[in-house]
């Protein structure tokens with residue numbers, strides 16, 4: 001073990017690589033820690049006391065707490081995250097459908113006004129009939145096709 005440390009200081013490139021490896025492992029450790037904490041908070045199957053116990057365990061003894069959590073409950077972490085992602089996607093899809101539905105009504109009103117203009121241009125309706133039909137379409141009480 002001492003020989004490896006000695007080599008790291010003899011060769012600056014090896015020292016830099018070891019420093020980057022340690023830095024990378026610390027970043028991975030914090031990512032894992034935060035994923036475990038987020039999973040504890042999001043898990044609806046845990047009671048409040050169980051969530052509190054897991055949180056205290058992972059904060060007081062972080063290495064041991066995270067490893068025990070991943071061993072005990074890690075199998076379902078992915079499925080809970082996938083369910084959360086699906087719920088967010090469904091909410092987004094629902095929002096888009098509602099927005100498009102509202103836009104579709106405005107588009108159909110524009111289409112009706114264009115159709116009324118064509119009818120008026122052909123001379124099939126008078127200016128007064130066009131004005132009344134236009135008011136009906138714009139107020140939302142006009143006929144929908």
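Residue numbers (full-length UniProt numbering): 1 to 145. All C-beta atoms in this analysis are idealised placements derived from N, C-alpha and C, irrespective of residue type, glycine included.
Check whether the segment 82–100 and the segment 116–125 touch, using three or more Cβ-Cβ pairs below 8 Å as the test. Counting C-beta pairs with one atom in each stretch, the segment 82–100 and the segment 116–125 have fewer than three that are closer than 8 Å, which means they do not touch.
Grouping DSSP H, G and I as helix and E and B as strand, with all else coil, what is residue 125? Residue numbering aside, residue 125 sits at position 125 when the chain shown is read from its first letter. Here residue 125 carries a coil assignment [DSSP, helix/strand/coil].
Segment contact flag, the segment 11–24 with the segment 55–65, C-beta cutoff 8 Å, min 3 pairs: Under the three-pair Cβ rule at 8 Å, the segment 11–24 does not count as touching the segment 55–65.
Sub-8 Å separation of residue 66 and residue 33 beta-carbons: Within the chain shown, numbered from 1, the residue matching residue 66 stands at position 66. Within the chain shown, numbered from 1, the residue matching residue 33 stands at position 33. Going by C-beta atoms, residue 66 is nearer than 8 Å to residue 33.
Contacts around residue 130, its chain only, beta-carbon distance under 7 Å, and the 5 residues preceding and following it disregarded: Residue numbering aside, residue 130 sits at position 130 when the chain shown is read from its first letter. If we look at residue 130 and ignore the five residues flanking it on each side, its Cβ neighbours are 116 and 120.
Terminal residues of the alpha helix (DSSP H) in which residue 48 lies: One-based indexing of the chain shown puts residue 48 at position 48. First-last of the alpha helix (DSSP H) with residue 48: 48–60.
Can you grab the Cα-Cα spacing for the pair residue 94 / residue 108, in whole Å? For the purposes of this step, residue 94 is taken as the residue at position 94 of the chain shown. For the purposes of this step, residue 108 is taken as the residue at position 108 of the chain shown. C-alpha separation (whole angstroms): 21 Å.
For the alpha helix (DSSP H) containing residue 42, list its first residue and its last residue. Taking the first residue of the chain shown as 1, we reach residue 42 at position 42. Its alpha helix (DSSP H) spans residues 12–42.
What do you reckon, are the CB atoms on residue 39 and residue 77 nearer than 8 Å? What you label residue 39 is simply residue 39 of the chain shown in a count that begins at 1. What you label residue 77 is simply residue 77 of the chain shown in a count that begins at 1. Against a cut-off of 8 Å, the Cβ pair of residue 77 and residue 39 comes out as a contact.
In chain order, what residues of the same chain lie with their CB nearer than 6 Å to the CB of residue 145, ignoring the 5 residues before and after it? If you number the chain shown from 1, residue 145 lands on position 145. Reliability of the predicted coordinates at residue 145 is poor, the pLDDT of 46 falling under 50, and the value obtained from them is presented with this limitation in mind. None.
Using CA coordinates, which residue listed in 97, 98, 53 and 43 is at the minimum distance from residue 74? Stepping through the chain shown from its first residue, residue 74 is reached at position 74. Of the listed residues, the one whose Cα sits closest to residue 74 is 43.
Which one of 29, 80 and 28 has the shortest CA to CA distance from residue 45? Here residue 45 refers to the residue found at position 45 when the chain shown is read from its first residue. It is 80.
Beta-carbon proximity of residue 148 to residue 41, cut-off 8 Å: No statement about residue 148 is possible, as the shown extent of the chain runs from 1 to 145 and does not include it.
Would you tell me roughly how many angstroms separate the C-alpha atoms of residue 71 and residue 24, rounded to the nearest one? Here the question's residue 71 lines up with position 71 in the chain shown. Here the question's residue 24 lines up with position 24 in the chain shown. Rounded to whole angstroms, residue 71 to residue 24 spans 23 Å at the Cα level.
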